[in-house]
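Using the working numbering, you'd call the opening residue of the sequence shown number 8 and step up by one each time. Heads up, the beta-carbon is just placed ideally off N, CA and C, and yes, glycines get one too. Keep in mind it's a predicted model, so treat the numbers as computed, not measured. Working notes, beginning with the structure itself.
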Amino acid sequence: MATLKGHWLWNLIPRGWIRRFRKLICYDGVMNDVFPHANSNMAPDEQANQGTFVREQWYYALPSIALKPGVMLHRIILGEPVLIGRSENGKAFALSDTCPHRGTLLSRGKFDGHEVQCPYHGWRFSTDGQCTIIPSQTSIQKPQAKDIRTKSYEVSERQGNIWVFIGKGTSNLNSEFPPVPEVPALGDHFQLHVSLRFACNIDLAVIGLMDPAHGAFVHRSKIWRNEDSIHEKRKAFSPLTENEGIGWRMDRHKASSNSKAYKVFLGSAPETEITYRMPSVRTEHAQTKKYEYCGLTACTPVSAYETDVHHVMYWNAPGGILLRPIVRHIARRFLDQDRRAVTAMNEGLSFNPPTMMVQDADTQTRWYYQLKREVLAAQAEKRTPRNTLKPVTLTWRS
8 MATLKGHWLW NLIPRGWIRR FRKLICYDGV MNDVFPHANS NMAPDEQANQ GTFVREQWYY
68 ALPSIALKPG VMLHRIILGE PVLIGRSENG KAFALSDTCP HRGTLLSRGK FDGHEVQCPY
128 HGWRFSTDGQ CTIIPSQTSI QKPQAKDIRT KSYEVSERQG NIWVFIGKGT SNLNSEFPPV
188 PEVPALGDHF QLHVSLRFAC NIDLAVIGLM DPAHGAFVHR SKIWRNEDSI HEKRKAFSPL
248 TENEGIGWRM DRHKASSNSK AYKVFLGSAP ETEITYRMPS VRTEHAQTKK YEYCGLTACT
308 PVSAYETDVH HVMYWNAPGG ILLRPIVRHI ARRFLDQDRR AVTAMNEGLS FNPPTMMVQD
368 ADTQTRWYYQ LKREVLAAQA EKRTPRNTLK PVTLTWRS
């Protein structure tokens with residue numbers, strides 16, 4: 008940029024463009040890498056596969072209520088443009104959102120509830136990706152519609168959530184599908200969904216959400232928790248079973264004394280169980296004698312530097328409809344606090360500082376990177392991943 012300044016071309020560039028460009032790639036005038044990268048000064052557990060996508064997995068796409076019959080929406084999942092639609096018969100489907108002809112976004116075209124029409128040349132595709140019509144072709148020209156298919160994705164709709172399976176290559180036909188993430192109770196319909204886009208790779212989004220020691224600082228509140236409420240905690244952890252997937256569980260325990268929100272919401276202090284399943288799904292189940300709450304948090308990579316974080320809440324406490332506006336505000340604020348904390352971490356890491364991990368409080372972060380390496384290695388070696396974790400009790404202050 009410095010070599011261009013003073014050149015006659017410099018005067019043709021709008022000043023607003025220059026300011027936005029500097030803001031994007033500079034901190035205090037120092038040029039930095041726009042894209043996140045593996046920090047060579049990170050702790051060893053963090054270095055491997057930093058920002059790498061884990062494929063052959065279900066990723067959260069959107070809540071069911073956001074997809075009406077006859078509607079199609081554009082999403083980016085693991086860097087892939089995905090068209091998600093619902094046919095006239097109510098079934099959800101997903102296709103590559105680029106036409107195999109010229110790459111035009113199919114979601115910008117038309118959908119009659121049965122077929123998607125490309126807005127550029129009118130090519131039509133059924134909901135399974137098969138091309139049905141090429142308006143410009145005669146009957147003797149090649150290729151014919153029957154010879155063309157765009158990539159389709161496996162879709163599963165559970166408990167009011169739409170999940171898309173992101174495999175490898177152009178087809179999911181040879182994929183083995185792991186269980187679709189679900190909450191343990193409370194039926195098929197959630198009470199509330201909030202989501203925010205985090206400006207970081209999926210690894211930072213995940214470890215920012217699972218970290219057990221940030222609550223009193225990131226989510227500081229005079230009513231719920233603050234630095235004065237910090238005390239020692241001991242929690243038992245165990246690996247998930249083979250049927251549950253690769254991950255771990257914070258075993259059922261009484262909710263912490265500085266988790267007053269549970270008491271207000273459920274009427275009394277509940278027992279809570281938290282699970283984390285690779286690559287990016289956290290569930291929390293809080294239960295009293297009368298009422299239950301389930302929360303599902305799912306991180307879906309958009310790209311190597313953006314991640315959509317979805318939080319879905321289920322509960323059977325009285326006043327559900329009346330509570331929604333209040334709970335939505337609190338949940339969105341809570342998630343935004345995490346977003347801002349992770350953004351600050353991501354910006355700091357762009358300077359490639361040395362980092363470290365501490366005992367126990369950072370153990371779940373170590374587990375995440377350990378299991379991520381195992382899942383990626385198993386996929387490369389075409390074997391079933393092994394859950395290498397053992398039961399353990401961890402102690403920290405929060």
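Looking only at Asn250, Leu273, Lys242 and Asp315, the smallest Cα-Cα distance to Ile281 is reached by Lys242.
In the three-state scheme derived from DSSP, where H, G and I count as helix and E and B as strand, Trp403 is classed as strand. For Glu313, the three-state secondary structure derived from DSSP is strand. The C-alpha of Gly92 lies about 22 Å from the C-alpha of Glu189. Annotation: the stretch 238 to 303 contains the following complete segments of the alpha helix (DSSP H) (minimum length 4 residues), in chain order: 267 to 273. Taking Thr279 as reference, the option from Val288, Thr290 and Ala262 with the minimal CA-CA separation is Ala262.
Under a 10 Å Cβ-count criterion, His318 is classified as buried, with 16 or more other Cβ atoms of the shown protein chains found around its own Cβ. Annotated as proximal: Thr304 and Arg289, with beta-carbon spacing under 7 Å. With contacts defined by Cβ atoms closer than 7 Å, Ala99 and Ile173 do not form a contacting pair. Annotated three-state conformation of His336 is helix, per DSSP. Shown here, Lys75 sits in coil according to DSSP, grouped into three states, outside any helix or strand. The count of Cβ pairs closer than 8 Å, one atom from the stretch 371 to 381 and one from the stretch 392 to 404, reaches three, so the stretches are in contact. If the five residues before and after Arg404 are omitted, its C-beta is found closer than 6 Å to the C-beta atoms of Ile237 and Glu239, all from its own chain and listed in chain order. Counting other Cβ atoms within 10 Å of its Cβ, Arg204 stays below 16 and is therefore classed as exposed.
In the DSSP assignment, Arg380 falls within the unbroken alpha helix (DSSP H) covering Thr370 to Glu388. Gly355 sits in a helix when the DSSP states are folded into three classes. Secondary-structure assignment with DSSP links Cys138 through a beta bridge to Phe132.
Our two residues, Tyr298 and Ser357, have alpha carbons roughly 45 Å apart in a direct line. Per DSSP, reduced to three states, the secondary structure at Val365 is coil, with no helix or strand assignment. In the DSSP assignment, Val89 falls within the unbroken beta strand (DSSP E) covering Glu87 to Arg93. For the beta strand (DSSP E) assignment, the uninterrupted runs of no fewer than 3 residues enclosed by the stretch 197 to 233 are, from N- to C-terminal side, 199 to 205. The Cβ-Cβ distance between Tyr283 and Leu193 does not fall below 7 Å. DSSP lists Thr105 as the beta-bridge partner residues of Leu112.
A straight-line Cα-Cα distance of about 22 Å links Leu401 and Asp210. Sequence-distant Cβ neighbours of Arg156 in its own chain, meaning closer than 7 Å and more than five residues away, are Gly136, Gln137 and Cys138. Within the same chain, Pro191, Glu280 and Cys301 come within 6 Å of His292 by CB-CB distance, once the 5 residues on both sides are set aside. In the structure shown, Arg347 falls within a helical segment according to DSSP collapsed to helix, strand and coil.
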